[in-house]
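In what follows, a structure is listed as structure tokens, so that the remarks can point back to it.
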Amino acid sequence: MLHLRNHNRTGATLVEFIAAGAILATVMSFIVPFVSRVALINQNVADREFALREVQNAITLLQTGNPEVTLSEGASQRLPDSELQVQSTWDDAAGLQRVEVSLTWTGQFDERVAPVSLVFWEAKRETK
Amino acid sequence: MRHNAISTLVVRRKQRRSGWTLIEATVVMSMISTLMLVSTSLIFVLLNLDGSMAEGTAYALTLHRLEDQLREDTYYASAAESKDEGLLISSSKGESILYQIEQDKVTRTISGGVRKSKDAFIFLNSKPVLSVEPQRVRFELIPVAALEEYQSTSELNTKGRSIETVLFPVRRAGRFTEAAKRSGNAVTESDQ
Numbered sequence: 023m024l025h026l027r028n029h030n031r032t033g034a035t036l037v038e039f040i041a042a043g044a045i046l047a048t049v050m051s052f053i054v055p056f057v058s059r060v061a062l063i064n065q066n067v068a069d070r071e072f073a074l075r076e077v078q079n080a081i082t083l084l085q086t087g088n089p090e091v092t093l094s095e096g097a098s099q100r101l102p103d104s105e106l107q108v109q110s111t112w113d114d115a116a117g118l119q120r121v122e123v124s125l126t127w128t129g130q131f132d133e134r135v136a137p138v139s140l141v142f143w144e145a146k147r148e149t150k
Numbered sequence: 002m003r004h005n006a007i008s009t010l011v012v013r014r015k016q017r018r019s020g021w022t023l024i025e026a027t028v029v030m031s032m033i034s035t036l037m038l039v040s041t042s043l044i045f046v047l048l049n050l051d052g053s054m055a056e057g058t059a060y061a062l063t064l065h066r067l068e069d070q071l072r073e074d075t076y077y078a079s080a081a082e083s084k085d086e087g088l089l090i091s092s093s094k095g096e097s098i099l100y101q102i103e104q105d106k107v108t109r110t111i112s113g114g115v116r117k118s119k120d121a122f123i124f125l126n127s128k129p130v131l132s133v134e135p136q137r138v139r140f141e142l143i144p145v146a147a148l149e150e151y152q153s154t155s156e157l158n159t160k161g162r163s164i165e166t167v168l169f170p171v172r173r174a175g176r177f178t179e180a181a182k183r184s185g186n187a188v189t190e191s192d193q
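Protein chains in written order, with this note's numbering: chain A, 23 to 150; chain B, 2 to 193.
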């Protein structure tokens, strides 16, 4: 007697394929913005590091006797609408001058980013 | 008997679907091709991102390393002068520290004192420039090539590399000593 073909399922149905595709598409839709986000964070970190170096350069200019500090050529290209601020306060009791240099700029979504700041103390006799 | 069995099998096969319709096959193939397209582009974006991040990290670390060395050397310097597109620093410890530039490489060599060393810093696709200004040393890294490669990752909104500038004050370590010498006052280590 001939053996008749088994009635058990041997492959996937169309509904199963569609369900699997929908799940994969959902996962992809989460991953793609996540990758973009990682790239954006990486760029922000690099920008802040660049800004920190600019602030340090400004401190060097102040410490070497330049009364006016300016940002470098690269800073205006990389950090749009960048603004450098220098604030000095005297502590007469300690005979020290506290100088705070901060830099802020406009981020990728047209927002003002949190400023990058460095502070140094200068002795009175040194400034004289 | 045998003839009856075969005819029964033929009838059963005709009654049962043995494959997919054209529409089902088209739907499945279009879904698979769409997913392949998206995943392939995602892999390329990830590879691109990985490459640019690795290169950026190596660049930043090399710059940090050179910055630390140069800051310390200029801080304790007694004099600094330009030499063959490089920089020659005479340290207060009696050593000569020479920074030489060859294309994208900066070499630091210490000689003349007790310790001797040589170190290299490589900045791919950038031109290092060292110049001496009054009371300070200027170090610049100017991107020279492959800017288009960096901008090819514009789908991720990454920017091209810009000019990096670092300033180093010279002879900062001896500023109080000199001031004290001028005024005739003694200066202790704690003052410095």
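Glycine included, each C-beta is placed from N, C-alpha and C at the ideal position.
Are residue 137(B) and residue 86(A) closer than 9 Å when you measure CB to CB? yes
Taking the alpha carbon of residue 134(A) as the reference point, which residue from 55(A), 145(A), 144(A), 125(A) has its own alpha carbon closest? 125(A)
is_contact[residue 135(A), chain B] using C-beta, thresh 9 Å: no
Cα-Cα separation between residue 144(A) and residue 122(A), rounded to whole angstroms: 11 Å
Measuring CB to CB, does residue 128(B) end up less than 9 Å from residue 145(B)? The answer is yes: Cβ separation under 9 Å.
Tell me whether the stretch 88-95 of chain A and the stretch 71-89 of chain B touch, counting them as touching only if at least three CB pairs, one residue from each stretch, are closer than 8 Å. no
Tell me the DSSP secondary structure of residue 186(B) in three-state form. Low per-residue confidence applies at residue 186(B): pLDDT is 48, beneath 50, and the placement is therefore not dependable enough to give any value.
Check for me: the alpha helix (DSSP H) holding residue 55(A) runs from which residue to which? 36-85
Beta-carbon contacts of residue 154(B) that lie in its chain and below 6 Å, excluding the five residues immediately before and after: Because the pLDDT of residue 154(B) is 43, which lies under 50, any placement of that residue in the model is unreliable, and the number read from its coordinates should be weighed accordingly. Cβ within range, chain order: 49, 53.
Cα-Cα separation between residue 38(B) and residue 59(A), rounded to whole angstroms: 21 Å
Pick helix, strand or coil for residue 100(B), following the three-state DSSP scheme. strand
Counting C-beta neighbours from all protein chains within 10 Å, is the total for residue 172(B) 16 or more, i.e. buried, or is it exposed? Counting C-beta atoms within 10 angstroms of its own C-beta, residue 172(B) has 16 or more neighbours from the protein chains shown and is therefore classed as buried.
Report the CB separation of residue 167(B) from residue 79(A) in whole angstroms; it is logged as a contact under 8 Å. 7 Å
Beta-carbon proximity check, residue 139(A) vs residue 77(A), cutoff 9 Å: Yes, the pair counts as a contact, with Cβ atoms nearer than the cut-off.
Evaluate residue 98(B) with the Cβ neighbour count: other Cβ atoms within 10 Å of its Cβ, from every protein chain shown; 16 or more gives buried, anything less gives exposed. buried
Per DSSP, what kind of secondary structure is residue 120(B) in: helix, strand or coil? strand
Return the Cβ separation of residue 124(B) and residue 63(B) in integer angstroms, given the expectation that the two are a contact with Cβ distance under 8 Å. 6 Å
According to DSSP, is residue 63(B) helix, strand or coil? The three-state reading of DSSP puts residue 63(B) in helix, counting H, G and I together.
Helix, strand or coil at residue 44(B) [DSSP, three-state]: Residue 44(B): helix per DSSP, three-state reduction.
List the endpoints of the continuous beta strand (DSSP E) containing residue 122(A). 118-126
Mind reading off the beta-carbon distance from residue 28(B) to residue 36(A)? Whole number of angstroms is fine, and I expect it under 8 Å. About 7 Å; that satisfies the 8 Å criterion.
Please tell me whether residue 71(A) has its Cβ less than 9 Å away from any Cβ of chain B. yes
Short of 6 Å in beta carbon distance, which residues of its chain neighbour residue 140(B), apart from the five on each side in sequence? Order them along the chain. 131, 167
Identify the contact partners of residue 129(A) in chain B, using a Cβ-Cβ distance below 7 Å as the criterion. Those within 7 Å of residue 129(A) in chain B number zero; the least Cβ separation is about 11 Å.
Proximity test, Cβ basis, 9 Å: residue 76(A) and chain B: yes
Give me the residue from 174(B), 135(B), 59(B), 102(B) with the minimum Cα distance to residue 88(A). Closest by C-alpha distance to residue 88(A), out of 174(B), 135(B), 59(B), 102(B), is 135(B).
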